[in-house]
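Residues in the sequence shown are numbered from 381 upward in steps of one, following the numbering used here. Structure record follows, encoded as structure tokens.
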Amino acid sequence: DLSPERLLAAYSNGIFPWFEKGQPILWWSPDPRMVLFLEDLRISKSLQKALNKSPYKVTMDTAFAQVMACCAEPRGDSPGTWITDEMRAAYIQLFEDGHAHSVEVWCEERLVGGLYGIAIGQLFFGESMFSFESNTSKIALVNLVKQLHQWNYKLIDCQVSSEHLETLGAIEISRDEFAEQLRELLPQQGMAGPWHLLVNAER
Numbered sequence: 381d382l383s384p385e386r387l388l389a390a391y392s393n394g395i396f397p398w399f400e401k402g403q404p405i406l407w408w409s410p411d412p413r414m415v416l417f418l419e420d421l422r423i424s425k426s427l428q429k430a431l432n433k434s435p436y437k438v439t440m441d442t443a444f445a446q447v448m449a450c451c452a453e454p455r456g457d458s459p460g461t462w463i464t465d466e467m468r469a470a471y472i473q474l475f476e477d478g479h480a481h482s483v484e485v486w487c488e489e490r491l492v493g494g495l496y497g498i499a500i501g502q503l504f505f506g507e508s509m510f511s512f513e514s515n516t517s518k519i520a521l522v523n524l525v526k527q528l529h530q531w532n533y534k535l536i537d538c539q540v541s542s543e544h545l546e547t548l549g550a551i552e553i554s555r556d557e558f559a560e561q562l563r564e565l566l567p568q569q570g571m572a573g574p575w576h577l578l579v580n581a582e583r
């Protein structure tokens, strides 16, 4: 059951779905949990240079379904994807209801990077990201972090450990510590959708 109601209830309890086509729905609550406290964002010199000279345009909530489709494409040696048609339909419904959001990175009219996730209260649950050109997923994340920070958000849930996210300042915390963050941040008033990018990440 991937109904919007069940998904929101799951995220509110630190649980998320992660399964492949043909498998039963599996629900996860990893310990430790990877998170990014927004104030701990780390931008390397090379990434800052890419931001400063970026030929890209960054938007929010303008191509959610397209971002999901790009995230679902096979990567490297892996032909499969955990973003099934059922999951895609469920998250698109959450987007239409104002709970799911995307960040898009464009090179002219081409979508070359982005990410999507769920927002509840003042916590953003990152789901997946993609990059068709160097640094474009990082550019999407930096813009998201700076915009969320302006809206007084504190934390992005990154779910499981990733070297890619560690380079940007993400850390692992215990499940109990993550539960404390849920109790603190979920009751807070978040930003209603659709979202619009108001910051300039080059600065």
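We put the beta carbon where it would ideally sit given N, CA and C, even for glycine.
query: Just confirm the distance between the C-beta atoms of Glu513 and Val492, as a whole number of angstroms; I'd bet it's less than 8 angstroms.; result: 5 angstroms
query: Measuring CA to CA, which of Ala559, Ser426, Leu387, Asp420 is closest to Val525?; result: Asp420
query: Figure out for me which residue from Gly394, Tyr391, Pro412 has the closest Cα to the Cα of Ser541.; result: Pro412
query: Quick one: what's got a C-beta closer than 7 angstroms to Lys437's C-beta in the same chain, skipping five residues either side?; result: Trp486
query: Would you be able to state if there are at least three C-beta pairs under 8 angstroms between the stretch 418–432 and the stretch 554–567?; result: no
query: In the DSSP assignment, the alpha helix (DSSP H) including Ala430 goes from what residue to what residue?; result: 425–432
query: In the DSSP assignment, find the unbroken beta strand (DSSP E) run with Arg413 in it and report its ends.; result: 413–417
query: Among Met571, Pro574, Ala559, which one has its Cα closest to the Cα of Asn393?; result: Ala559
query: Looking only at DSSP bridge pairs, what is Lys437 linked to?; result: Trp486
query: So the candidates are Glu476, Glu543, Leu495, Leu388; which of them puts its Cα closest to the Cα of Thr516?; result: Leu495
query: Less than 8 angstroms between the beta carbons of Tyr471 and Phe504, yes or no?; result: no
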